[in-house]
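Numbering (full-length UniProt numbering), first residue to last: 1 to 292.
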């Protein structure tokens, strides 16, 4: 079982498969460290069975005495807990309590898992061992020639793409003055220009540059001249992003079937069209020095 103090702080899924299994862990999606170095997790305050929008961050020691409901607890439109008995955590035990006894509530179902694990759709239906493999392998994904955002996602894709640093994000709101393959010029809105600052933001895009892993970093503009952008809008895609969303793979039509033994064990058969359309083609750039 998951240790009660790890809940909402350390991901129970993402950890290495090798000798370091369980020794190296990932932070849960909403966890943070406080000034003393303890991990804190956010909770919504519940008053007399009514869920408020007030958020408190608590460490494992501070939360032990609270009665904490799950994020999926049933509420009505007035944010009142309507179940006769609510599944809660109290004194590091799982139990059920009356709604009026509840003092806190989880902010999201995904606060239990890490960012990598929260990118897996329908994670709760997967075997934990395979989910561990999936969350680890996502970090090894190589950017494809044409990124293809997932048809089925979890809603975390856009946040991950923005926070990854590979996209171009608007520093200030305004109107696109000019755009080409290598740079975007934004005329900043008057209310966002401080005294003595330039009213123009210039974003130079990275084109076909080698990464440390020898893969290709290429940024493509998503905006057109005259478009209005807000602060923190995504203006250009980077590697493995499509329309500002994380796109690690491709949307394929697949079949689970035996095919003349060619897909025995972990083997996969591809159609010729997949190869012709460069669906899984990647660009690698290597820098080689030759001593004459």
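From the three backbone atoms N, C-alpha and C, an ideal C-beta is built for every residue, glycine too. Remember, it's a predicted structure, so these values are computed and weren't measured experimentally.
Assumed close pair residue i, residue j - CB separation to whole angstroms, cut-off 8 Å
| i | j | result |
| --- | --- | --- |
| residue 220 | residue 237 | 5 Å |
| residue 224 | residue 179 | 6 Å |
| residue 173 | residue 192 | 6 Å |
| residue 71 | residue 109 | 5 Å |
Same chain, Cβ closer than 7 Å to residue i, five either side skipped, listed in chain order
| i | result |
| --- | --- |
| residue 22 | 15 |
| residue 38 | 59 |
| residue 187 | 174, 175, 177, 199 and 200 |
| residue 259 | 269 |
Residue j beta carbon less than 9 Å from that of residue i
| i | j | result |
| --- | --- | --- |
| residue 104 | residue 7 | no |
| residue 93 | residue 4 | yes |
| residue 279 | residue 106 | no |
| residue 299 | residue 69 | It is not possible to answer for residue 299, since the shown part of the chain is limited to 1 through 292. |
| residue 86 | residue 97 | yes |
| residue 119 | residue 156 | yes |
| residue 346 | residue 252 | Nothing can be reported for residue 346: it is not among the residues displayed for the chain, which extend from 1 to 292. |
| residue 67 | residue 102 | yes |
| residue 249 | residue 99 | no |
| residue 121 | residue 160 | no |
| residue 182 | residue 205 | yes |
| residue 170 | residue 242 | no |
| residue 329 | residue 240 | Because the chain in this structure spans residues 1 to 292, residue 329 falls outside the shown range and cannot be described. |
| residue 246 | residue 158 | yes |
| residue 302 | residue 17 | Only positions 1 to 292 of the chain appear in the structure, and residue 302 is not among them; the question remains open. |
| residue 302 | residue 244 | The requested residue 302 does not occur in the structure, where the chain is confined to residues 1 to 292. |
Neighbour-count burial assignment, residue i, 16 or more Cβ in a 10 Å radius
| i | result |
| --- | --- |
| residue 235 | buried |
| residue 125 | exposed |
| residue 143 | buried |
| residue 226 | exposed |
| residue 229 | buried |
| residue 231 | exposed |
| residue 89 | buried |
| residue 282 | exposed |
| residue 292 | exposed |
| residue 128 | exposed |
| residue 24 | exposed |
| residue 261 | exposed |
| residue 277 | exposed |
| residue 208 | exposed |
| residue 81 | buried |
| residue 271 | exposed |
| residue 135 | buried |
| residue 123 | buried |
| residue 36 | exposed |
Own chain partners of residue i with C-beta closer than 8 Å, once the 5 adjacent residues on each side are dropped
| i | result |
| --- | --- |
| residue 210 | 216, 217, 285, 286 and 287 |
| residue 162 | 169, 232, 234 and 244 |
| residue 75 | 51, 81 and 82 |
| residue 33 | 39 and 40 |
Any C-beta of chain B under 9 Å from that of residue i
| i | result |
| --- | --- |
| residue 198 | Protein chains in the displayed structure number just one, and chain B is not present. |
Sequence-distant residues of its chain with Cβ nearer than 6 Å to residue i (five each side left out)
| i | result |
| --- | --- |
| residue 52 | 45 |
| residue 54 | 45 |
| residue 57 | 40 and 42 |
| residue 203 | 168 and 184 |
### Task
Say whether the segment 28-35 touches the segment 111-126, bearing in mind that this needs 3 or more beta-carbon pairs closer than 8 Å, one atom from each stretch.
yes
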